[in-house]
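A.B. asks: This structure is in structure tokens; I'll ask about it shortly.
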Amino acid sequence: MPRYIILLFSLYLLCNNNPIFSQSRGINRDKYRINIVRTDETISIDGILDEEVWKRAERTGEFHRVTPTDTGFAIARTEVMLTYDDLNLYVGVICHDPTPGKRPVESLRRDWSFNRNDNFMIFLDTYNDQTNGFAFGISAAGAQTEGLQYDGTRVLYSWDIKWRSAVMSYDDRWVTEFSIPFRSIRYSEGDQEWGINFGRLDLKNNEKSSWAPMPRQFPHCSLPFTGTLLWDKPLGKAGVRISLIPYITGKVTKNKEAEENARLSGNAGFDAKMILSTSLNLDLTINPDYSQVEVDRQQTNLDRFELFFPEKRQFFLENSDLFSSLGTQTVRPFFSRRIGLNSPVLAGARLSGNINNNWRINLMDIQTGTGDDILASNFFVAALQRSVFSRSNISAFIINKLITENVDHEETFTGNRFNRVAGIEYNLATRDNRWTGKAFYHQSFQDGVSLEDAAVAANITYSSQFLTATLNQSVVGSGYTAETGYVRRRGYYELNPIFQYKFFPQSEVVISHGPGIRTDMFFDPSMNLTDRQTEISYSVEWTNRFMTSVEAGETYIKLMSPYDPTNTGGVQLAAGEDFNWKEIGASFSSDTRKPFYMTLRSSYGGYYNGERWSLSGELNYRYQPYGSLALVTAYNNISLPSPYNNARLLLIGPRLDFTFTENLFFTSFIQYNNQIDNLNLNLRFQWRFAPVSDLYIVYTENSFPAGYNIKNRGLVIKLSYWFN
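Per our numbering, the very first residue in the sequence shown carries number 3; after that it's consecutive.
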């Protein structure tokens, strides 16, 4: 029965013809408009707005407050001007600063945290779909960040491209100037309008503001609330342009645990970017190397299911939202980390971008080699998206994994030669972003086709200034297999309602406060309850940027398979046993404007047939603008009756992040995890000697904590350069 409820709900979303779903220009497009005029003047990117074009350029009006309240104008004025030439879009900004004191910044590192830095950002809706675009930002210290916008309100900041900027600081203002190459962004040829918005975070006044106003319940980057950028003439056609990014590496490794001698090796390869049109590009990679990618932050594993770690490799990121947004957080048909982490990537190609104003495409094909017990395979992924109504879209996709290596033991090989998953999804987003949701049907293909090999889901969210309500439900068949995906569990029906309400009092102490409740229930195919987790919380946000929350929860679990609750190899609880327990918790975060700030969370209560007390947090000290020292900890004290294991699990990770200049970085990360009896050390030096061109020196070491006996270690030197 629940399957039919989901399908009917999905059909309702697809067929609804309510006026709020109709085609629209956006909330602010007609009222907030700024003109841009071409210049032949040479603009020096130095943070000094002394060129004549800046005196003639149209300037924005006053910025509107977004937080702590979304009424009135910002305390600190911000003025923005724009111009362009054949190659670049130029932005000049004056951020007035009437409040005395040091401007908070995290460090000089690229891709800084938005909430921890005084900053200015520009959001570009180049496709005029209020869904996909680009974000560029600069901190008051001159550090850059950029990201790909997707789903209207989300930004992927791990995207990295070549652009220039500069900042000049004064007592009463800071001025920034930057140029964004047209070749670095995608847009539709012939357009004469873009969606655009400008945002500023003024931490000293605890104030977030934007040029085109937006409700405070939505993120600063929300494309549904952009204004309009009016070009003085239609945007021209861009010819084919190529960027080549070769690299070379040298590596020495030693596995002492396996009693192997030190091994010296070298490698070389390249990435290439071909801009086929203003909106379509082709990415190629040959023998890529990812040794410079930052180490994953470990997690204490007390889960019965696989943990999730985010993708950080550049090749997989541009236009990746078409792939990464498929499914839900726990039912992803495609997860790029399945490719090339335990076997080498030999070559890959990706064609992505907009075919026209309504159609987007992403095609990717990657060939891997043999690694450890992993067979050489080919991975092909294709997704096609069609815009419908105001901000909604329909996507279709296919994912194919094919083992290309001959198997010597063909008669005993028990794996699948191929795994395919195809599906269709409808993503709902109304013009004002109050209603968002998704409905999808995925089918995996092995030897045949069965409903047991399918995943079906639907969710919808309503967001207003005071109320946020969500209903998620999904059915995942016991045979649904996505080998190139991330699927935490199979063979269940899930129902997950979430409700949160906020009060905004007239107070000089409290910004908002309110209750929240969520329930997550799982049923087996016979509709017998197997899991239920309910949590009631109350949160308070203070005007001094402190945040506090208290929670109380109840959990019920019926085990479908044997399980050790400590994940330490002890005696397992038997399949079929059920457990019910309660716990309470509290969390706190302090003012990130201060040099020393922290987040803490603690909980206490039952845990299966025993008890658990947990404490986790992060302590940070900032020595601006040169760096920060952070200490991340997680402690779990688990007490279970005999013969089951008791455990005191400690994960501690001190991290030193030092930025000598805007282009010279050093990171030291240590992770001690007694659950896996390991001490990990990662030292990473980066010199950005030219735009998006780097020298990396990375040292990694794993050891047994007792006696500091080395398990393995490695040193890598990598040099890459971006040629246009």
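For each residue, glycine too, the CB sits at the ideal point set by N, CA and C.
(1) Would you tell me roughly how many angstroms separate the C-alpha atoms of Gly342 and Ser722, rounded to the nearest one?
(2) Can we say the region 59–73 touches the region 140–160, given the rule of at least three CB pairs closer than 8 angstroms?
(3) Straight-line CA distance for Phe138 to Gln146?
(4) Where does Ala398 land, buried or exposed, given buried means 16+ other C-beta within 10 angstroms?
(5) Run the CB neighbour count on Leu249, radius 10 Å, all protein chains shown included, and call it buried at 16 or more, exposed below.
(6) Excluding the five sequence neighbours on either side, which residues of its own chain have a C-beta within less than 7 angstroms of the C-beta of Glu664, listed in chain order?
(7) What do you reckon, are the CB atoms on Ile640 and Thr568 nearer than 7 angstroms?
(8) Return the CA-CA distance between Cys223 and Asp374, expressed in angstroms with no decimal places.
(9) Beta-carbon separation of Gly268 and Ile288 under 7 angstroms?
(10) If I measure Cβ to Cβ from Trp161 and keep anything under 7 angstroms in the same chain, skipping five residues before and after, which residues do I get?
(11) Within the chosen definition, does the region 641–655 reach the region 608–615 through at least 3 CB pairs nearer than 8 angstroms?
(12) Compute the Euclidean distance between the alpha carbons of Ala577 and Phe725, then round it to the nearest angstrom.
(13) Considering Cα atoms alone, identify which of Ile426, Trp114, Arg112 and Gly197 is closest to Gly135.
(14) Take Phe23 and list the residues in its own chain whose beta-carbon comes closer than 6 angstroms to its own, dropping the five residues that flank it on each side.
(15) Return the CA-CA distance between Asp173 and Gln132, expressed in angstroms with no decimal places.
(16) Jot down the residue ranges of each uninterrupted beta strand (DSSP E) in the region 322–369, minimum 3 residues, whole runs only, in chain order.
(17) Pro226 by DSSP, collapsed to three states: which one?
(18) Do you know offhand how far Lys253's Cα is from Pro290's?
(19) Of the residues Val82, Asn119 and Leu232, which one's Cα is nearest the Cα of Val39?
(20) Let me check understanding here. Comparing Cα to Cα, which of Tyr628, Pro335, Pro236 and Arg188 lies closest to Ile277?
(21) Can you round the beta-carbon distance between Leu469 and Tyr503 to whole angstroms, since I take them to be within the 8 angstroms contact cut?
(22) Grouping DSSP H, G and I as helix and E and B as strand, with all else coil, what is Lys104?
(23) Over the uninterrupted alpha helix (DSSP H) stretch that includes Lys57, give me the two end residues.
(24) Using the C-alpha atoms, what's the distance from Ala692 back to Lys164?
(25) Assign Ser46 to buried or exposed, taking buried as 16 or more other Cβ atoms, counted over all protein chains shown, within 10 Å of its Cβ.
(26) Give a yes or no on contact between the region 196–213 and the region 121–129, applying the rule of three or more CB pairs nearer than 8 angstroms.
(27) Flag this pair as yes or no: are the beta carbons of Ser592 and Arg603 separated by less than 7 angstroms?
(28) Taking 7 angstroms as the threshold (C-beta atoms), are Ala424 and Ile400 in contact?
(29) Classify Pro707 as buried or exposed, calling it buried when 16 or more other Cβ atoms lie within 10 Å of its own Cβ.
(30) Quick check: the Cα distance between Leu561 and Arg422, rounded to an integer number of angstroms?
(31) Quick one: give me the first and last residue of the beta strand (DSSP E) that Lys256 is part of.
C.D. replies: Short version:
(1) Reading the sequence shown from its first residue, position 340 is the one you call residue 342. Reading the sequence shown from its first residue, position 720 is the one you call residue 722. Answer to the nearest angstrom: the Cα atoms are 20 angstroms apart.
(2) Judged by pairs of C-beta atoms under 8 angstroms, the region 59–73 does not touch the region 140–160, as fewer than three such pairs exist.
(3) Position 136 of the sequence shown, counted from the first residue, corresponds to residue 138. Position 144 of the sequence shown, counted from the first residue, corresponds to residue 146. Approximately 8 angstroms between the Cα atoms of the pair.
(4) The residue given as residue 398 occupies position 396 in the sequence shown. Result: exposed.
(5) Here residue 249 refers to the residue found at position 247 when the sequence shown is read from its first residue. The sequence given here has Tyr at residue 249, not Leu. Burial check for Tyr249: the Cβ neighbour count within 10 Å reaches 16 or more, so the residue is buried.
(6) In the sequence shown, counting from the first residue as 1, residue 664 sits at position 662. For Glu664, where only same-chain residues beyond five positions count, the Cβ hits under 7 angstroms are Leu110, Gly144 and Ala145.
(7) In the sequence shown, counting from the first residue as 1, residue 640 sits at position 638. In the sequence shown, counting from the first residue as 1, residue 568 sits at position 566. A contact, by the Cβ cut-off of 7 angstroms.
(8) The residue you call residue 223 lines up with position 221 of the sequence shown. The residue you call residue 374 lines up with position 372 of the sequence shown. Using only the alpha carbons, I get a separation of about 43 angstroms.
(9) Position 266 of the sequence shown, counting from 1, holds the residue named residue 268. Position 286 of the sequence shown, counting from 1, holds the residue named residue 288. Their beta carbons are not under 7 angstroms apart, which means Gly268 does not touch Ile288 by this criterion.
(10) Counting from one through the sequence shown, the residue named residue 161 turns up at place 159. Around Trp161: Glu148, Gly149, Leu150, Leu319 and Glu320.
(11) Yes: the two stretches touch, three or more of their Cβ pairs being nearer than 8 angstroms.
(12) Residue 577 sits at position 575 when you count from the first residue of the sequence shown. Residue 725 sits at position 723 when you count from the first residue of the sequence shown. If I take the Cα positions, the gap works out to 58 angstroms.
(13) In the sequence shown, residue 135 corresponds to position 133, counting from 1. The shortest Cα separation from Gly135 among Ile426, Trp114, Arg112 and Gly197 belongs to Gly197.
(14) Within the sequence shown, the letter at position 21 stands for residue 23. A caution first: Phe23 carries a pLDDT of 39, below 50, which makes its placement in the model too unreliable to give a value.
(15) Here the question's residue 173 lines up with position 171 in the sequence shown. Here the question's residue 132 lines up with position 130 in the sequence shown. Distance between the alpha carbons of Asp173 and Gln132: 37 angstroms.
(16) 347–356
(17) Position 224 of the sequence shown holds residue 226. Note: Pro226 maps to helix in three-state DSSP.
(18) Within the sequence shown, numbered from 1, the residue matching residue 253 stands at position 251. Within the sequence shown, numbered from 1, the residue matching residue 290 stands at position 288. Using only the alpha carbons, I get a separation of about 14 angstroms.
(19) Taking the sequence shown and counting its residues from 1, one reaches residue 39 at position 37. The residue with the shortest Cα to Cα distance from Val39 is Leu232.
(20) Here residue 277 refers to the residue found at position 275 when the sequence shown is read from its first residue. Minimum Cα distance to Ile277 is reached at Arg188.
(21) For this step, residue 469 is matched to residue 467 along the sequence shown. For this step, residue 503 is matched to residue 501 along the sequence shown. Indeed they touch by this definition, with Cβ atoms about 5 angstroms apart.
(22) Here residue 104 refers to the residue found at position 102 when the sequence shown is read from its first residue. Lys104: coil per DSSP, three-state reduction.
(23) Within the sequence shown, residue 57 is the residue found at index 55, counting from 1. Element bounds for Lys57: Glu54 to Arg58.
(24) Start at 1 with the first residue of the sequence shown, and residue 164 comes out as number 162. Start at 1 with the first residue of the sequence shown, and residue 692 comes out as number 690. Taking the straight line joining both Cα atoms gives about 10 angstroms.
(25) As a working mapping, residue 46 is identified with position 44 in the sequence shown. Classification of Ser46: exposed, given that the 10 Å Cβ count is below 16.
(26) yes
(27) Against the sequence shown, residue 592 aligns to sequence position 590. Against the sequence shown, residue 603 aligns to sequence position 601. No, Cβ-Cβ distance for Ser592 and Arg603 is not below 7 angstroms.
(28) Residue 400 sits at position 398 when you count from the first residue of the sequence shown. Residue 424 sits at position 422 when you count from the first residue of the sequence shown. Against a cut-off of 7 angstroms, the Cβ pair of Ala424 and Ile400 comes out as a contact.
(29) Numbered from 1 along the sequence shown, position 705 holds the residue referred to as residue 707. Pro707 is exposed by the Cβ-count criterion.
(30) For the purposes of this step, residue 561 is taken as residue 559 along the sequence shown, with counting starting at 1. For the purposes of this step, residue 422 is taken as residue 420 along the sequence shown, with counting starting at 1. Straight-line Cα distance between these residues: approximately 30 angstroms.
(31) Counting from one through the sequence shown, the residue named residue 256 turns up at place 254. Counting along the chain, the beta strand (DSSP E) containing Lys256 begins and ends at Arg243 to Asn257.
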